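K.L.:
First, the structure itself, so that you have it in front of you.
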Amino acid sequence: MGVAHHASYVPWLEMARTELLRQSEITYAQLEQAGVFLVVTKLELRYRRPIRYDDLIEIRTRVVGGSRFKIRHEYELHLVERLGTTPDPNDPGVPADGVCSTGSSELACVDRTGRPSP
281 MGVAHHASYV PWLEMARTEL LRQSEITYAQ LEQAGVFLVV TKLELRYRRP
331 IRYDDLIEIR TRVVGGSRFK IRHEYELHLV ERLGTTPDPN DPGVPADGVC
381 STGSSELACV DRTGRPSP
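The opening position of the sequence shown corresponds to residue 281 in my numbering, with each subsequent residue numbered one higher.
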């Protein structure tokens, strides 16, 4: 079929969250050294158009809410290049707005024992 398996998207979202955190000059390693761990409690994905092997995508990630104990993210997976060229807008496999998939996640902040931690 030449398309990325649906399970491939989950690590991509994790990498996008990691990069968003890094832009704040914080790393997951620093959080863990401080005794704060982020665990996924909810994950949703909507597949609008397939992402094919060798497609170049951009994942736009943002924090959209949360509380002292939770963080909620939203994601948009945009098609940037298909087979090394700009995607053809006349191709039915290419979304008009460039968004192939959308998603959201909720992460709980826990301590080393797994208890909620702000």
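Ideal Cβ placement from N, Cα and C applies to all residues, glycine included.
Remember, it's a predicted structure, so these values are computed and weren't measured experimentally.
Within this structure, are the beta carbons of residue 297 and residue 341 separated by less than 8 Å?
P.N.:
Position 17 of the sequence shown, counted from the first residue, corresponds to residue 297. Position 61 of the sequence shown, counted from the first residue, corresponds to residue 341. For residue 297 and residue 341, yes; Cβs fall inside 8 Å.
K.L.:
Hey, how far is the Cα of residue 356 from the Cα of residue 336?
P.N.:
Numbered from its first residue, the sequence shown carries residue 356 at position 76. Numbered from its first residue, the sequence shown carries residue 336 at position 56. Cα to Cα, the separation comes out at about 14 Å.
K.L.:
One question on the structure: do residue 311 and residue 300 come within less than 8 Å of each other, judged by their Cβ atoms?
P.N.:
Translated into positions along the sequence shown, residue 311 becomes position 31. Translated into positions along the sequence shown, residue 300 becomes position 20. Contact flag unset, no.
K.L.:
On the criterion of 16 or more Cβ atoms from any shown chain inside 10 Å, does residue 289 qualify as buried, or is it exposed?
P.N.:
To locate residue 289, count along the sequence shown from 1; it is residue 9. It is buried - the Cβ of residue 289 has at least 16 other Cβ atoms within 10 Å.
K.L.:
Could you pull out every residue in the same chain whose Cβ sits closer than 8 Å to the Cβ of residue 283, ignoring the five residues on either side in sequence?
P.N.:
Locating residue 283 in the sequence shown gives position 3, where the first residue counts as 1. 330, 331, 332 and 333, listed in sequence order.
K.L.:
How should residue 381 be labelled, buried or exposed, when 16 other C-beta atoms within 10 angstroms of its C-beta is the threshold for buried?
P.N.:
What you label residue 381 is simply residue 101 of the sequence shown in a count that begins at 1. Burial call: buried.
K.L.:
Short of 7 Å in beta carbon distance, which residues of its chain neighbour residue 292, apart from the five on each side in sequence? Order them along the chain.
P.N.:
On the sequence shown, residue 292 is found 12 positions in, with the first residue counted as 1. Correct list, in chain order: 339.
K.L.:
Assign residue 367 to buried or exposed, taking buried as 16 or more other Cβ atoms, counted over all protein chains shown, within 10 Å of its Cβ.
P.N.:
Stepping through the sequence shown from its first residue, residue 367 is reached at position 87. Residue 367 should be labelled buried.
K.L.:
So, helix, strand or coil for residue 290, using DSSP?
P.N.:
Within the sequence shown, the letter at position 10 stands for residue 290. Helix at residue 290.
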